[in-house]
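Structure record follows, encoded as structure tokens.
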Amino acid sequence: MTASGTFGYGTEYSHMFDIQKLGAIVCKGTTLEPRDGNPQPRLADAACGLLNSIGLQNIGVDALIREKAPIWAGWRVPVIVNIAGETIDDYARLASRLDGVAGISGIEVNISCPNIKAGGAEFGSTPKSAAEVTTAVKAATSLPILVKLTPNTADIAEVAMAVAEAGADAISLINSLKGMAIDIAQRRPLLGRITGGLSGPAIKPVALHMVYEVAGAVRLPVIGCGGITAASDAIEFIMAGASAIQVGTASLANPRAPLDVLEGIEQFLKQEGINNLADLIGAARR
Ligand code: RRO
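Put into structure tokens, the structure is as follows:
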């Protein structure tokens with residue numbers, strides 16, 4: 012899959028390679044109303060990674076349903092809509108709006124955005140609030156729901172268990188890690204909103220460990236995300252217990268990265284004489 016926020020609505024990339032070959036596309040976080048996002052600068056380089064403070068810039072759910080879903084309905088690749096809100100009611104209303112819309116195959120519940128004033132990662136930071144959002148979304152839609160967890164919490168396995176209990180169909184992790192950078196010439200934070208979310212290879216070992224923990228704590232499919240750039244990274248996540256993976260920041264440097272990773276996994280399976288990817292899931296746990 013593509014990771015939310017790094018692949019737009021899929022349409023931006025469709026002329027670059029055959030995106031229909033991907034497992035799924037997860038679109039940019041979507042809110043009830045359109046949002047302009049945070050003040051610039053919103054991106055800062057980090058060693059082996061990227062800091063972002065986009066602030067949920069998006070076209071809003073009405074435009075998404077009107078302009079994007081009809082295009083997706085003609086695609087073979089399933090599209091999953093990432094949703095974010097400031098209140099539990101926002102999440103429920105978004106889920107209900109998306110229910111039954113042609114071209115939308117699932118919902119990824121974003122309770123892990125580090126860059127907004129209200130809602131977002133706040134909901135994902137405790138088992139109780141994470142479960143409340145999950146219950147509300149589940150009641151509002153018949154679509155499969157993935158819940159995307161934040162690493163900015165005391166015990167991610169506890170949050171995962173609460174979300175599973177509340178009815179999630181799958182769990183994706185991790186979203187970006189809260190961080191910052193300072194411009195020493197200006198003596199000021201580099202990002203307009205001071206803090207941002209760190210992604211890319213810098214967070215891979217953290218993400219891998221969290222996937223390992225969560226896969227050991229829940230029976231649901233776990234979708235690994237965090238710094239996956241090459242097929243070998245993806246295979247590590249699968250061996251840690253992920254049933255699927257998302258490629259995010261790597262797409263910003265190499266738009267074809269999700270397909271390169273997919274083809275690399277297929278090549279690895281062939282090399283190892285494995286017919287079924289399922290044989291590799293959790294292989295490093297046994
Ligand atoms: O838009 C963002 O600033 C953003 C979001 Br919604 C998210 O979930 N994760 C992230 O790193 N940035």
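In my numbering, the protein residues as written are 12 to 297.
For each residue, glycine too, the CB sits at the ideal point set by N, CA and C.
Measuring alpha carbon to alpha carbon, tell me which residue in Leu62, Ala113 and Pro266 is nearest Gly85.
Answer by Cα proximity: Ala113.
Can you tell me whether Asp56 is buried or exposed? The criterion is at least 16 other CB atoms within 10 Å of its CB, across all chains shown.
It is exposed - the Cβ of Asp56 has fewer than 16 other Cβ atoms within 10 Å.
May I ask which residues mark the beginning and end of the alpha helix (DSSP H) holding Gly275?
First-last of the alpha helix (DSSP H) with Gly275: Ala268 to Glu283.
Between Tyr223 and Ile99, what straight-line distance do the alpha-carbon atoms span, to the nearest angstrom?
Distance from the CA of Tyr223 to the CA of Ile99, rounded to the nearest whole angstrom, comes to 29 Å.
What does the alpha-carbon distance come out to for the pair Ala147 and Arg104?
Near 9 Å, if we compare the C-alpha coordinates of Arg104 and Ala147.
Which residue from Ser183, Ile167 and Ala168 puts its Cα closest to that of Val258?
Answer by Cα proximity: Ser183.
In chain order, what residues of the same chain lie with their CB nearer than 7 Å to the CB of Met221, ignoring the 5 residues before and after it?
Excluding positions up to five away in sequence, the list reads Pro162, Ile167, Leu184 and Ile185.
Compare the beta carbon distance of Lys39 and Gly60 with 8 Å and say whether it is the shorter of the two.
In this structure, Lys39 keeps its C-beta atom at 8 Å or more from the C-beta atom of Gly60.
In the DSSP assignment, the beta strand (DSSP E) including Leu62 goes from what residue to what residue?
Where Leu62 is concerned, the enclosing beta strand (DSSP E) stretches over Gly60 to Asn63.
Taking the alpha carbon of Ala35 as the reference point, which residue from Lys128, Glu143, Ser116 and Gln51 has its own alpha carbon closest?
Of Lys128, Glu143, Ser116 and Gln51, the residue nearest in Cα terms is Ser116.
Could you tell me which residues DSSP puts in a beta bridge with Ile91?
Note: Ile91 sits in a beta bridge opposite Val37 and Gly117.
Within the chosen definition, does the segment 62-76 reach the segment 132-151 through at least 3 CB pairs nearer than 8 Å?
The segment 62-76 vs the segment 132-151: no contact.
Considering Cα atoms alone, identify which of Asp180, Ala173, Leu62 and Tyr24 is closest to Glu126.
Looking at the sequence provided, one finds Asn at residue 126 rather than Glu. When each option's Cα is compared against that of Asn126, the closest is Leu62.
In whole angstroms, what is the alpha-carbon distance linking Gln197 and Arg108?
Taking the straight line from one Cα to the other gives about 45 Å.
Is Leu157 near the ligand MG, with its Cβ less than 7 Å from a heavy atom?
The ligand MG is absent from the structure shown, which contains only the ligand RRO.
In the DSSP assignment, the beta strand (DSSP E) including Leu54 goes from what residue to what residue?
From DSSP, the beta strand (DSSP E) with Leu54 extends over Leu54 to Ala57.
Thr146: first and last residue of the uninterrupted alpha helix (DSSP H) it sits in
Per DSSP, the unbroken alpha helix (DSSP H) holding Thr146 starts and ends at Pro138 to Ala151.
Where does Asn49 land, buried or exposed, given buried means 16+ other C-beta within 10 angstroms?
Counting Cβ neighbours within 10 Å, Asn49 comes out buried, since at least 16 surround it.
Whole alpha helix (DSSP H) elements within the segment 158-241, 4-residue minimum
For the segment 158-241, whole alpha helix (DSSP H) runs of length 4 or above, ordered along the chain, are 167-176 and 215-228.
Classify Ser243 as buried or exposed, calling it buried when 16 or more other Cβ atoms lie within 10 Å of its own Cβ.
The residue is exposed, with fewer than 16 neighbouring Cβ atoms inside 10 Å.
Pick out whichever of Ala264, Leu273, Leu219 and Ile292 has its Cα sitting closest to the Cα of Thr17.
Per the C-alpha coordinates, the member of Ala264, Leu273, Leu219 and Ile292 positioned closest to Thr17 is Ala264.
Under the DSSP definition of a beta bridge, which residues are partnered with Asn69?
As a beta-bridge residue in DSSP terms, Asn69 pairs with Arg46.
Could you tell me whether any non-hydrogen atom of the ligand RRO is closer than 7 Å to the CB of Ser262?
Set against 7 Å, the gap from the CB of Ser262 to the closest heavy atom of the ligand RRO is not smaller.
Quick one: does the C-beta of Asn186 sit closer than 7 Å to a heavy atom of the ligand RRO?
For the ligand RRO, at least one heavy atom lies less than 7 Å from the Cβ of Asn186.
Same chain, Cβ closer than 6 Å to Ala175, five either side skipped, listed in chain order:
Counting only Cβ-Cβ distances below 6 Å, and skipping sequence neighbours, we find Val229 and Leu231.
Beta-carbon within less than 7 Å of Pro52's beta-carbon, same chain only, minus the 5 sequence neighbours each way: which residues are those?
If we look at Pro52 and ignore the five residues flanking it on each side, its Cβ neighbours are Leu201, Leu202 and Gly203.
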